[in-house]
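**Q**
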Amino acid sequence: MPTVLMRSQNLNPRRRRIFTFCDRLDILLYGIGLTAAIVSGASLPLMTIIFGNFTSDFTEYASGPGSGSSGLDSPQSFSHKVDTFTLWFVYLFIGRFIISYIATETVSIAAVRVTRTIRRTFLATLLRQEVERFDNDMANGSPSSQVTTNGIRINQGIAEKLAILVQAISMFFSAFIVALVVQWKLALITACIIPAIVIVAIVSITIDIGFEIRIVRIHSQAAVLAQQVLSSVKTVHAFWAQEKLIKQYDQFLIDARKLSNKKSPNIGLANAVFYFSMYGGTALAFWQGFRMFASGEIGNVGTVLTVILSINIGASSMSVVAPQLGVITNASAAAAELFETIDRESKVDPLSEEGECPSTCEGNLEVRNLAFAYPSRPSAPALRGLNLSIPAGKTTALVGASGCGKSTIVGLLERWYLPDSGEILLDNRNIADYNIKWLRSQIRIVQQEPILFRGTVFENIAKGLVGSQLELPLEQKMKLVQDACRLSNAHDFIEKLPQGYQTQVGERASMLSGGQKQRLVIARSVISDPQILLLDEATSALDPRSEGIVQEALNKVSVNKTTLIIAHKLSTIQSADNIVVISHGEVVEQGTHNELLALNGQYAALVQAQDLGDVAEGPLDGVFEGNDDQGQNDMASKLPEITMSRSSLDISEPDHNTSHAINYSLFKCLFIMIREQKDVYHWMALLVFACLIAGGSYPAQAIIYSRLINVFALPPQAAQGDANFFALMFFIFALINMGAYLVIGWVGNVVGQKITHRYRLEMFQRVLNLDLDFFDEPENSSGSLTSKLSSMPNAIQDLIAQGQFVLLVCMTNIFASCILAIAYGWKLGLVVVFAGMPVLRDTSERFTESAALATEAVTSIRTLASLTLEKQICSEYDASLDHIAKSALKTITWASLGYALSQSLDYLLMALGFWYGSRLIASGEYSNTQFFVVFLSVLFGGQAAGQIFALLATLATAHVAANYVLWLRTLKASISENGDNFDTGPPGNGDLQVKDVMFRYKRREASPVLNGINMTITPGSYTACVGASGCGKSTLIALLERFYDPTSGCITMGDVNITTLSPRLYRASMSLVQQHPTLYNGSIRDNILLGLQYEPTDEEILDACREAAAFDFISSLPEGLSTSCGSEGLQFSGGQRQRIAIARSLIRKPRLLLLDEATSALDTQSEKLVQNALDRAASWRTTIAVAHRLSTIRHADMILVFSDGKIIERGTHDQLQHLKGQYYEMCLAQSFGDRLS
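If you read the sequence shown in UniProt numbering, its first letter stands for residue 1, the second for the next number, and so on.
#1: Is the separation between the beta-carbon of Leu708 and that of Phe286 shorter than 8 Å?
#2: Looking at the structure shown, is Cys361 part of a helix, part of a strand, or coil, going by DSSP?
#3: When you compare the stretch 553–572 with the stretch 523–535, are there three or more beta-carbon pairs, one atom per stretch, that lie closer than 8 Å?
#4: Indicate the three-state DSSP secondary structure (helix, strand or coil) for Ile527 in the structure shown.
#5: Contact between the stretch 457–467 and the stretch 486–502: three or more CB pairs below 8 Å?
#6: Based on Cα-Cα distance, which residue from Lys244, Ile445, Ile164, Leu309 lies nearest to Ile328?
#7: Rounded to whole angstroms, how far is the Cβ of Ala958 from the Cβ of Ile814, which I believe are closer than 8 Å?
#8: Anyone know if the C-beta pair for Asn1081 and Leu126 falls short of 8 Å?
#9: Have a look at Leu840 and Pro350 and give me their C-alpha separation to the nearest angstrom.
#10: Quick check on this structure: which residue in Ile169, His491, Arg1148 has the alpha carbon closest to the alpha carbon of Ala1108?
#11: The beta strand (DSSP E) with Thr395 in it runs from where to where?
#12: Can you round the beta-carbon distance between Ile892 and Phe805 to whole angstroms, since I take them to be within the 8 Å contact cut?
#13: Short check: CB of Ser1071 to CB of Pro1150, under 8 Å?
#14: Can you name, in chain order, every residue of its own chain whose Cβ lies under 7 Å from the Cβ of Ala334, other than the five neighbours on each side?
#15: Determine the burial state of Gln717: buried for a count of at least 16 other Cβ atoms within 10 Å of its Cβ, exposed for fewer.
#16: Determine contact between the stretch 362–381 and the stretch 402–422, defined as no fewer than three beta-carbon pairs at a distance below 8 Å.
#17: Is Ser817 helix, strand or coil when you go by DSSP?
#18: Please return the same chain residues whose Cβ sits closer than 6 Å to the Cβ of Gly1129, not counting the five positions on each side in sequence.
#19: Using only CA atoms, which one of Phe89, Thr235, Arg116, Ile94 lies nearest to Gln1075?
#20: Going by DSSP, name the residue or residues bridged to Phe999.
#21: Per DSSP, what kind of secondary structure is Gly268 in: helix, strand or coil?
#22: Under 8 Å, do Ile199 and Ile18 count as touching if we go by C-beta distance?
#23: Classify Gln499 as helix, strand or coil using the three-state DSSP reduction.
#24: Skipping 5 residues on each side, what residues in its chain have a beta carbon closer than 8 Å to that of Arg846?
#25: Beta-carbon within less than 6 Å of Ile1051's beta-carbon, same chain only, minus the 5 sequence neighbours each way: which residues are those?
#26: When you compare the stretch 248–262 with the stretch 1096–1106, are there three or more beta-carbon pairs, one atom per stretch, that lie closer than 8 Å?
#27: Among Ile1037, Arg1144, Cys1125, Phe1111, which one has its Cα closest to the Cα of Leu1089?
#28: Tell me which residues share the same chain as Gln242 and place their Cβ nearer than 7 Å to its Cβ, disregarding the 5 neighbours each side in the sequence.
#29: Taking 8 Å as the threshold (C-beta atoms), are Ala103 and Gly33 in contact?
#30: Report the start-end ranges of each alpha helix (DSSP H) in the stretch 146–226 that is 4 residues or longer and not cut off at the edges.
#31: May I ask you to list the residues that DSSP assigns as paired with Gln797?
#32: Please determine, among Asp427, Asp420, Gly422, Val466, the residue with the shortest C-alpha to C-alpha distance to Arg440.
#33: Would you mind giving the Cβ-Cβ distance between Leu808 and Cys669, rounded to the nearest angstrom? I have them listed as a contact below 8 Å.
#34: Quick check: the stretch 97–116 against the stretch 923–936, are at least 3 beta-carbon pairs closer than 8 Å?
#35: Is it the case that the Cβ atoms of Ser1083 and Ser1029 are separated by a distance below 8 Å?
#36: Near Thr929, which residues of its chain fall below 7 Å by C-beta distance, leaving aside the five closest residues on each side in sequence?
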């Protein structure tokens, strides 16, 4: 593994450097395979010598006994001579079969190994990059697309395609060597076609590479967008943004298609010149050959035919070279993109061995004159000469407005970024002097937005282990994990999960509620007993009861540890040893809670803003007394809310998440797809006509060849006219085929690109419009789907743009040749035709799992870096690739056997044809002309069958991709717009009622998440939902948004069941602000206008920003609303992202506003501003808020307290206070009232 990680440095920048990733075994495999390919390529030209001698003997015998020097004066001597040659063909068959198998098998295995190494190196290098790179450059290419799609392209270019290329080149040179040896003068004259072929090939490849690199980059940008969109489908559906995002995705595809179309003339002209040269060279060889035969320079027809066939084989080999070079060109373009990352040196290398690694760490931190501006906004400093002391073993808290620089300090402490000036000291040494992995292993961070990885609960928490802890036995690891979970108040709810600690959390931990995720992250952070704890809004996602217990746990684990807390909830930091107030990147106040209150400055104002006011008397210490475990068990017993779950489809419906539900034949898939292309039928008709001409030219050649062979049996003077005529016919063939292949190459690429664009867009559209339950399936993670979007349309393109027309040419050749052979001589024709029918094979794509792993690693880079998981992730990725490599071996073996048979079967057919044909000629049943027409027809048909075998891998991959696209069409969203509800919007007024609603996720067999919920929400009212994490609050929001439909009961708006309404019009009347906002690549303006059906003015946009308290920070940015949000909005702080999301919701002027912890990420000042704005709008807007921070909902008209999927209390703040129930206890846990009196 270290070798792989270090190999990214100092690599040869040339394309051939792909092979610098070979180890000794790979070099040996390639050496054996390519040597075998060379020998295999040379065998076909050697066959022409035998074939020429064979032909001379046939012609001599047909001319009558004693007409030649071979002594073939009787049928017995003729048959004996034929038997000898037949054995030579059998020997060639056996030899080439074995050699072709060795070549394909060894090269394919080596390619899998080399591609695996390149993938490893790419991911390892990617994970070594500083976080800054991910902020700025990830928009240029999706890691999923790069490492998976490009990896597949590289593999194709260095596997069997490389062996075929080497074999073809060997065949090319061997053919001309044979021709030169047999008759050098004729060979040299005919070789004039070589320069034209070589020059055109070089120019064509050069042009193609330039276009292909640009196309790959555009597709990578499209993949970035697709990955972001598919990982945030709730946001997309909530804002009905499918159409807008699909258009944005389509624009990338249009740009790529325009570039691809510019390649069409190049492809067409290259094909045209090649086939003209090949047939023109054959015409020249026959014409000159007969003249030399007539003059006595050539002794027999066999010599001429050997030279002609050798030249023909050499030229034909270039037809094999051209498509293989296209694949290798694509591989070069794909490799160039990967090498851009591999070549990049990291400013902060987490895997470097450099730097000090002290045996102990006291944890004393000091910040001196720290200044920093994000590279994307150099004119807007985040820190301005900040000075701060964080004593060892003490708790220091940072508070201040969102975007003031608090989280920036964390980023600089973790060395995600490097300061512009100033320094940070750890134990009196600059943190830059320490080894980066050692530094990060001393620190554990709990971020504002909890990030968990795919895998089990146990695996996620164990990722927090460091050093020797990683080598502990499983039982000891489990004990450490459970102890950490008990500290973070997570053990009880984990025990209630279906498989306990072995429960899979799903992509982005979508199977857990926000509070549950946060508690697991806390457990992961404390399991290694770090010296320094960084808590960036560590309890923001927790309900009050859990928050109190978790805060107590954090207080215990932070004893004798340096703890830095960033908090907006001031109740969590009042006992800190030092509280630092930061404003505009500078320290403005610091001291203890009481000292800062006495100052009556900014901190006191923040505290006052969060106070819940007077509460009924009751000691805070007694809230959880005697019922800690019981209260937590109540919460833990709740099934986790699933933010992406199965919708409540009718249980009788078939499970549509099975990718094997459709298995149409390749020809049926092709027929369906062609039938749909009515807009290009005229072009396809032209293509079919061109393919019929190209395919039909082969059996026509058989007739001309047979006539020319007979010409050599006539007196030269009498035959000169016939020789000139048939040579002219070959030249006419050259002109006709030049036109046919110009159309096939040029028009075929244009049509193929159009159809590929259509299916890539269709895949994205169909997936994006499916119900949310589709995305719960493991195979439908965002990384996996992005990989399919990138690779499957490419496979279909290979079928439609190249495969179907090459297939049509070959099939025309085969059928026409067979018909001709049977028509001229049915006995020999039937024997040889039915002996040589090829069989197609199938395969499947294997890389979606590794793609998902790579995508998850990169999108969670901050968490991964802080946990120093780079090597572990690389090891997991290696294991995934190793599994892929092992599973590929069986497929490679069978494919190699099939390919070897296709390459050698010609010889066996020749042996059979010559042997049986000689018997028919000897018995007088067939003439020489009949024999050669039949024999050459079948021979050309057999070569076409070989071309089909060469296409098998492409066809099989395209078959899988086509079936997947057709399967997607069978999936129907149960919550969709249709003819019945298209114009049916929600009533203009009326109550929103939830009636006896019960809901359980389809895949969960346990108790329902909601159990008999009843509530009535009047227009203009403000309703709040509170309760423990996992109690069903967010599930209610999901049902109100109609992400899912109730299992039983109903939700009505104005007495109209919402299931009868158009989802588009229904969702247009509401807006959702989620706990963790999603921003997409693009400007702030683009994100605010997401899904909006009209184009508002900038002033309207700014008004929405003012309402959301986002105006000030947006206007302070150099580009204002045009500022790029970067990848996933990471250019901004969590609070800034949340305010942009709120502005996005408010500009829609919704009648119903759904707030799912909408202000949890805001600082106190921004929260107050936003809350005031929401309060002002409440006179006409219905608001439903899910909240843990009770200060945000104290003025609600109705507060609903949830527990175990039921509403157990309801009323106003004052009513619930006097009730002294669960809400009362929650208020006590958060109140500052007594301290401010």
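The beta carbon of each residue, even a glycine, is placed where N, CA and C say it ideally should be.
**A** In terms of the structure at hand:
#1: yes
#2: coil
#3: yes
#4: coil
#5: yes
#6: Ile164
#7: 20 Å between Cβ atoms; not a contact.
#8: no
#9: Unreliable placement is indicated for Leu840, whose pLDDT of 34 sits below 50; the coordinate value is still reported in the next sentence. Computed Cα separation, rounded: 49 Å.
#10: Arg1148
#11: 395–400
#12: Going by Cβ atoms, the distance from Ile892 to Phe805 rounds to 28 Å, so no, they are not a contact pair.
#13: yes
#14: Asn150, Arg153, Ile154, Val216
#15: exposed
#16: yes
#17: helix
#18: Leu1079, Arg1137
#19: Thr235
#20: Leu1010
#21: helix
#22: no
#23: coil
#24: Confidence is the limiting factor: at Arg846 the pLDDT is only 49, short of 50, which leaves the residue's position unreliable and the question unanswerable from this model.
#25: Val994, Ile1058
#26: no
#27: Arg1144
#28: Val236, Leu768, Asn769
#29: yes
#30: 150–158, 160–190
#31: DSSP output for Gln797 lists no bridge partner at all.
#32: Val466
#33: Not quite, the Cβ-Cβ distance comes to about 15 Å (not below 8 Å), so this is no contact.
#34: no
#35: no
#36: Ser706, Asn710
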